[in-house]
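*Asks:* Before we start, here is the structure in question, set down as structure tokens.
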Amino acid sequence: ASVGWQVTDAFFLYGAASTTDSELKLTGAEVVDTPEVKYTVRAEYDWAAFTFGAQARYVGERFANDANTEVAPEYTVVDLDARFSFAELLDNEAAYLQFNVINLFDEEYLGQMSSGTGTGAAFYNIGAPQTVMVTLGLGF
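According to our numbering, the sequence shown is numbered sequentially starting from 58.
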């Protein structure tokens, strides 16, 4: 379920929550990389040509193998972003400069996993470390 709320013309809030019961009928085990709960919240504020945003994502514990004997721990990741629109300056709605900080607190986590069923080779992707990005966008 998700909900968004335009608090004012400049301030927007968003939240989402999901629950999953992934029990396999044949074995009773849960599906790999499928947390029971996930939550996301985001706040966004517009001021003149600027947009500022912050979001947090929580992912609950997940099993890391088909036998459900290995558990990947829960994690929470916080991201920040700021965007300056050049729309009025350049008469181009698609022109902007954006600054992002992904994983603000440098949380260590497993982002995606596969048990290797069908391939024989399990893999675990390490989640993105703290990352700073600057993007200059221009549309034609």
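Don't be surprised by glycine CBs; every beta carbon is placed ideally from N, CA and C.
Note that the structure is a prediction, hence the values are computed from the model and not measured.
Tell me residue 113's beta-bridge partners as DSSP assigns them.
*Replies:* According to DSSP, residue 113 bridges with 98 and 135.
*Asks:* What's the gap between the Cα of residue 86 and the Cα of residue 103?
*Replies:* About 46 angstroms.
*Asks:* Could you check where the alpha helix (DSSP H) with residue 83 kicks off and where it finishes?
*Replies:* No alpha helix (DSSP H) contains residue 83, which DSSP labels as neither H nor E.
*Asks:* Please determine if the stretch 157-170 and the stretch 114-129 are in contact, where contact requires at least 3 C-beta pairs separated by less than 8 angstroms.
*Replies:* Yes: the two stretches touch, three or more of their Cβ pairs being nearer than 8 angstroms.
*Asks:* Going by DSSP in three states, residue 202 sits in which element: helix, strand or coil?
*Replies:* Outside the shown range of the chain, which is 58 to 197, sits residue 202, and nothing can be said about it.
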